[in-house]
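Since the structure comes first, as structure tokens, the remarks are kept for the end.
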Ligand code: TLP
């Protein structure tokens, strides 16, 4: 099979030989009975990292977010969320289908909301309105180009949420990236949210797996819904072992992905017709506009593929690149050469 430089997403990483060894040697049991020691130790480890009472291992980031939403709400409630966020746009309408809850969307600055915007969106106590129950934040923000939530903003939002008796969920699919980029520990971000979801299958390079964390009572509810949604797994220690390995060995190296992303962004800026703000590339996601190149984003993606590089056309004019474990510094230079060849620099 032809090997591509795959910049479409950090979800495409393949387990390393050492990770596969850890998986092969994992001690397992039936996790639906709570008897898988490897799953239990992953859950304890992530709860500790996030400073929460408990955590629950689930197959995907989508399930982690949807379990949180289901556990925090009743049908007819409303969730305040940023309009380009993952839970609203890319989870197949799960919130409406599974929780019977609606979203109130607000446009943020690269996905980041301020407390005053949220305050304005909270519904008054009037029986005409749905009742605002939950606020969802995303850190880093995927469609915001990997933007990091400033901790101070999270703290202000959390104070607002508490003062109104609401609940805060953090989609931390890439919280690890925020943490490595800023030096702020995952738990320092997580302390301001009632629940947090995190993914092992993105920059950390595990093949499968996410967790949702929060209080013991919250996790009890989420556990019941995990069963209901079909997410109760049996000898899941095989995949949990990959997650433990990833947390132990692939966390610090995220910095390399951030440096590669920065290199890509600065070099892309030199290409005529590419519109990009390298200073906005804070982590491993690069978003840019190619309207002025005369090519559409799908056309550019097609041409890049012919050069051995896979990229993601977000829409007609925008491209997303994501750096990760399987993208080396040399791959970045090769990808840049392909961009230059196609866009005639
Ligand atoms: N994001 C994927 C796609 O679904 C867009 C990607 O390639 O970036 N929260 C955030 C912020 C995410 O970016 C994703 C996945 C999820 C949740 C869902 O995780 P999975 O794919 O494990 O369900």
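Numbering (my numbering), first residue to last: 182 to 526. By construction, the Cβ of each residue, glycine as well, lies at the ideal position given by its N, Cα and C atoms.
*Could you tell me the distance, in whole angstroms, from the CA atom of residue 412 to the CA atom of residue 270?*
22 Å
_C-beta atoms of residue 186 and residue 508 nearer than 8 Å_ = yes
*asked:* Buried or exposed for residue 215, going by 16 or more other Cβ atoms inside 10 Å?
replied: exposed
*Can you give the beta carbon distance from residue 478 to residue 500, rounded, assuming they're within the 8 Å contact cut?*
5 Å
*In whole angstroms, what separates the C-alpha of residue 242 from that of residue 453?*
37 Å
*Leaving out five residues on either side along the sequence, give the residues of the same chain with a beta carbon under 7 Å from the beta carbon of residue 388.*
196, 382, 420 and 423
*Run through DSSP, which three-state label would residue 334 get?*
helix
*asked:* Measuring CB atoms only, is the stretch 360–374 touching the stretch 326–338, in the sense that at least three cross pairs come out at less than 8 Å?
replied: The answer is yes - the stretch 326–338 touches the stretch 360–374, with three or more Cβ pairs under 8 Å.
*So, using beta-carbon positions, are residue 349 and residue 374 closer together than 8 Å?*
Closer than 8 Å, so yes.
*Going straight from the alpha carbon of residue 402 to that of residue 237, what length do you get?*
11 Å
_Going by DSSP in three states, residue 503 sits in which element: helix, strand or coil?_
strand
_For the ligand PLP, is there any heavy atom lying closer than 7 Å to the beta carbon of residue 323?_
Judged by which ligands are present, the ligand PLP is missing from the structure shown, whose ligands are the ligand TLP.
*Closest Cα partner of residue 205 within the set 192, 219 and 211*: 219
*asked:* Measuring alpha carbon to alpha carbon, tell me which residue in 259, 300 and 330 is nearest residue 344.
replied: 300
*Out of 400, 399 and 354, point me to the one whose CA is closest to residue 378's CA.*
354
*Just the Cα atoms here: how many angstroms apart are residue 279 and residue 510?*
It is roughly 42 Å from the alpha-carbon of residue 279 to the alpha-carbon of residue 510.
*Do residue 311 and residue 258 have their CB atoms nearer than 8 Å?*
Yes, Cβ-Cβ distance for residue 311 and residue 258 is below 8 Å.
*Are there 16 or more other CB atoms within 10 angstroms of the CB of residue 522, so buried, or fewer, so exposed?*
The Cβ neighbour count for residue 522, taken over all protein chains shown within 10 Å, is under 16; the residue is labelled exposed.
*Compute every distance between the C-beta of residue 263 and the non-hydrogen atoms of the ligand TLP, then say whether any falls below 7 Å.*
no
_Would you say the beta carbon of residue 382 is closer than 7 Å to some non-hydrogen atom of the ligand TLP?_
yes
_Between 309, 319 and 229, which has its C-alpha nearest residue 264's C-alpha?_
319
*Identify whether residue 211 lies in helix, strand or coil by the three-state DSSP scheme.*
In this structure, residue 211 counts as coil in the three-state DSSP scheme.
*For the ligand TLP, is there a heavy atom less than 7 Å away from the beta-carbon of residue 376?*
no
_Cβ-based burial, residue 324 [other Cβ within 10 Å; buried from 16]_ = buried
_Reduced DSSP secondary structure (H/G/I, E/B, other) of residue 565_ = Outside the shown range of the chain, which is 182 to 526, sits residue 565, and nothing can be said about it.
*Roughly how many whole angstroms lie between the Cα atoms of residue 277 and residue 304?*
If you take the alpha carbons of residue 277 and residue 304, they lie about 19 Å apart.
*Determine the direct distance from the alpha carbon of residue 252 to that of residue 455, and round the result to whole angstroms.*
43 Å
_What residue range does the alpha helix (DSSP H) around residue 510 cover?_
510–523
*From what residue to what residue does the alpha helix (DSSP H) around residue 436 run?*
435–450
*Going along the chain, which residues of its own chain have a beta-carbon closer than 6 Å to the beta-carbon of residue 314, five neighbours each way excluded?*
254 and 258
*When you compare only the Cα positions, how much space is there between residue 394 and residue 231?*
Residue 394 and residue 231: Cα-Cα distance of roughly 8 Å.
*In chain order, what residues of the same chain lie with their CB nearer than 7 Å to the CB of residue 227, ignoring the 5 residues before and after it?*
236, 379, 392 and 394
*Under the rule that 16 or more other beta-carbon atoms within 10 Å means buried, what is residue 322, buried or exposed?*
Residue 322 comes out buried.
_Reduced DSSP secondary structure (H/G/I, E/B, other) of residue 287_ = strand
*In the DSSP assignment, what residue or residues form a beta bridge with residue 456?*
470
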